[in-house]
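Chains as they are written, first to last, in numbering that gives the first Met the number 0: chain A, 0 to 213; chain B, 0 to 213. Don't be surprised by glycine CBs; every beta carbon is placed ideally from N, CA and C. Just below is one structure, and these are the notes that go with it.
2 protein chains.
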Amino acid sequence: MASAKNPQPKRDTYRHGDLRNALIEAALELARQGGPEAVVLRAATRQAGVAPNAAYRHFADRDALLHAVSQAAMAQVARTMEAEQAAVAPSDDLAAAARARFRAVGTGYLRYAQEEPGLFRTAFHVPGDMTHAADDTAAGATGKTPFELLGEALDDLMNAGLLAEDRRPGAEFLAWSAVHGLAVLLIDGPLRGLHPTQAHDAGQHVIDMIERGI
Amino acid sequence: MASAKNPQPKRDTYRHGDLRNALIEAALELARQGGPEAVVLRAATRQAGVAPNAAYRHFADRDALLHAVSQAAMAQVARTMEAEQAAVAPSDDLAAAARARFRAVGTGYLRYAQEEPGLFRTAFHVPGDMTHAADDTAAGATGKTPFELLGEALDDLMNAGLLAEDRRPGAEFLAWSAVHGLAVLLIDGPLRGLHPTQAHDAGQHVIDMIERGI
DNA sequence: CCGCCCTTGTGTACGATGTCCACATTCGGA
DNA sequence: TCCGAATGTGGACATCGTACACAAGGGCGG
């Protein structure tokens, strides 16, 4: 098998066949270890065993590649959230279930931030624009973006009577603010290097605050 | 006077006299428009009317310069917070005063984020490490860092009976998470470009949530 | 007052990066 | 079969961070 750290040995065919994906894959790995600034065009082409300029047949420029990586990372965030939700023990209590699903959204988000800090930072790094968080390619397995997952969880919360209707509008921004802020603190803020257990506790505290204050 | 956009005309003296500060000043301006990635060594030296390598007599490398800029920006955050606190109408009601001062911390923080997004992003961009938020050079006029200002506001809140003692520990991270998260949303998240008035409202909503949920 | 030396700036150079342009190779359809 | 469009290659350029050797000049001991 082709090593993951050496430049792809070589290619017998002139055409690569799947260069675009290969570049995204390579860039994804660069981002995993090193964040967005580590996504370097020439490094990605090197890894794909291709000349630097070949990249321009598939991406307008470095930013276009970075954006593709960002979307892929965002989709991973969504999948982590979905996985966290899928792991909640089923319950007959509708309200309790809605609440658990809501908390899972935040917990999954924070889990991803800690497990893949480089990719997490890449997901939310869009120079100049980042509305794309709600974009097509940013969706997870269920086809929903992180934002949509959060919105649904809030809707459920409201329908379960755990969130007053007049508090629902804009609630995603309150919740997102708090959780994302903690993620930043944990990744490269003063809370960096916290023991995973403590980090998890901190996350639950923040989610507690949200539930109380939303 | 020397123009602010042209490279410093020239220098008659061989020595610059205050190069270190001149570089920080120039870099600060670069960061103001363009954020941390816009802080480019050669550009700063150009502006100071000096050869690129001269910078290395005052900074170990680009990161050292960036760090200095970051600290300066952090100090500006502190000053903005202090200004916001100074602007609260004096009151006999101790509790109300403590509450107003607490809110001013968040409001000032958010105000700076919106007024100087480039510098704000630079302040909280420390590649690899950012504990420095609590550092010496990051202090404002009163000699306190943003973190210290927040901590004091929380102490006051507790002393005024507005925050249960058992909730005090770690409360700065809850508040900081929420406010910083919103700042990010406002700067380059989905809330970017929000009308200043609406942005202010959003800020007040987040602070409301914090007060309720903390 | 003079000469020395440490500090501060200069010049040149190197490797790396993003990107442009002209050219080569190949695939797929007319 | 042949030809154009798609895909890769090669070479070149500007810019950046930074290393190394050298120059200028200010301050201190004599």
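TRP175(B) is positioned such that its CB atom lies closer than 8 Å to that of GLY180(A). Taking 8 Å as the threshold, the shortest C-beta distance from GLY16(B) to chain A does not fall below it.
Between the segment 84-99 of chain B and the segment 33-40 of chain B there are fewer than three C-beta pairs closer than 8 Å, too few to call the two in contact. CA-to-CA, the gap between GLY34(A) and ASP91(A) works out to about 42 Å. Taking a Cβ-Cβ cut-off of 9 Å, the neighbours of HIS204(A) in chain B comprise GLY169, PHE172 and LEU173, given in sequence order.
GLY117(A) places its beta carbon 8 Å or farther from that of ALA201(A). Rounded to whole angstroms, the separation of the alpha carbons of LEU18(A) and ARG56(B) is 45 Å.
Between LEU93(B) and ALA54(B), the gap from beta carbon to beta carbon reaches 8 Å or more. Neighbourhood of SER176(B) in chain A, by CB distance below 7 Å: ALA177, GLY180, LEU181, LEU184 and VAL205, in chain order. At a cut-off of 8 Å between C-beta atoms, ALA30(A) does not count as an interface residue with respect to chain B. In this structure, ALA182(B) sits near ALA112(B), with a CB-CB distance shorter than 8 Å. Look at LEU65(B): its C-beta is not under 8 Å from any C-beta on chain A.
Contact between THR79(A) and ARG110(A) holds: their C-beta atoms lie close to 6 Å from each other, under 8 Å. Spanning the alpha carbons of ALA74(B) and ALA138(B) requires a straight line of approximately 5 Å. Here LEU162(A) has LEU153, LEU156, ALA170 and ILE213 as same chain residues with Cβ atoms under 8 Å from its own Cβ, once five neighbours each way along the sequence are excluded. Around ASN20(A), the same chain offers no residue with a beta carbon nearer than 7 Å, after the five sequence neighbours per side are excluded. A residue is called buried once 16 or more other Cβ atoms fall within 10 Å of its Cβ, and ARG120(B) is buried on that count.
Taking ARG166(B) as the centre and dropping the five residues before and after it, the same chain places the C-beta of ILE213 closer than 7 Å to its C-beta, in chain order. Cβ-Cβ separation between ALA25(A) and ALA47(A): approximately 6 Å, consistent with a contact (criterion under 8 Å). The residues ALA177, in chain order, have a CB closer than 7 Å to that of MET208(A) in the same chain once the five nearest residues on each side in sequence are set aside.
GLN197(A) has its alpha-carbon roughly 28 Å from the corresponding atom of GLN70(B). DSSP, reduced to helix, strand and coil, places PHE146(A) within a helical segment of the structure shown. At a Cβ-Cβ threshold of 8 Å, LEU27(A) and ALA77(A) do not count as neighbours. Look at MET73(A): its C-beta is not under 8 Å from any C-beta on chain B.
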